[in-house]
Amino acid sequence: MIILAATPIGNLGDVSRRLVEALTSATVIAAEDTRVTVHLLKALGIENRPRLISLHDHNERGKAAELAELARDTDVLVLSDAGMPTVSDPGFHLVDAAVAAGVVVSALPGPSAVLTALAVSGLPTDRFTFEGFLPRKHGDRVTALREVAAERRTMVFFESPNRLAASLTDLGAVLGADRRVVVCRELTKFYEEVKRGTAAELAEWAAAGVKGEICIVVAGAEARVLDLPTGVAEVLALVAAGARLKEAAADVSAASGLGKRDLYEAALQQKSGGPAPAKPDFSGLPLG
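Just so we're aligned, residue 1 is where the sequence shown starts under the UniProt record's numbering, counting upward by one.
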């Protein structure tokens, strides 16, 4: 079978007993970085020297089918450098190939930067969404943030320390400077830091430079109570900025609770300068 194994995200003490047993008995390990795996084996005092196969972002598609076939005859332990494989790490294409080939896929659960950051953030945890890494380029990042601007659930992002200040600045510009944000740095490590504040406050803090592995946890958008004319005005403002009318109505509806159809039809009427076409009424006609 394919066995996805979570590895520590920083603190070696978080290694599970099941992972130690799996590493001790493994004959084949597919690793994001084989050097990291060798270091992990040595750090745990494990003398087993399994066959190591490199499985990373650049070769996974080409190796997925081959590894899935190999897993018919022997267990293939899959490791990323930290955390659970497939979660912003290699592994998804291998799992996809294994499922298609009818090969069993299992997992050894363990440390997760996403869940750890969410748990310590102090933001609502009952409903959340993981958005992975924000885009590197400013324009693409702004577009991605606009897509989640009305998201009501808590959001978790990964980010490079080199782009943290720029991303927090863009986040404040798109989602609002007062949006609640938590930056989690070096989770489970000696220099662990959890910084809470508004998007504007944390952008100013990060401008001085930040090091380490970064998770950003962002509060979801608050529900707004709007009357229909105000909602229509917001729809038309989005349309003027380049959004399609249907998409703008959907965005404002999600953020305000106003009906999407009501917003669309009212905005269409105001945009065209006249009443919306009347709907045909067949209620007085005989049936059949």
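Think of the CB as a built atom: it goes at the ideal place given N, C-alpha and C, for glycine as much as any other residue. Note that this is a predicted model, so its numbers are computed, not measured.
In this structure, DSSP gives S272 a helical state, which the three-state scheme calls helix. Per DSSP, the unbroken beta strand (DSSP E) holding V218 starts and ends at I214 to V218. Straight-line measurement puts the Cα of V104 at about 49 Å from the Cα of A241.
Nearest Cα to D126 within the set A237, G220, G273 and G102: G220. When secondary structure is reduced to three states using DSSP, E201 falls in the helix class. Restricting attention to Q269, L79 and V87, the CA atom closest to the CA of L115 is found in V87.
Non-local C-beta neighbours of N48 in its own chain, meaning closer than 8 Å and more than five positions away in sequence, comprise L23, T24, S25, A26 and L41, ordered along the chain.
As the crow flies, the alpha-carbon of S54 is around 10 Å from that of T37.
Annotation: the continuous alpha helix (DSSP H) that includes A117 extends over A113 to S121. Rounded to the nearest angstrom, the Cβ distance from R185 to G212 is 5 Å, consistent with a contact under 8 Å. Scanning the segment 133-196 from its first residue to its last, the whole beta strand (DSSP E) runs of 3-plus residues come out as 154-159 and 180-185. Of the residues V95, A82, D57 and I46, the one whose Cα lies closest to the Cα of L67 is V95. When DSSP reads this structure, R51 sits in a beta bridge with V28.
For V156 against V194, the beta-carbon gap comes to about 13 Å, at or over 8 Å, which does not count as contact.
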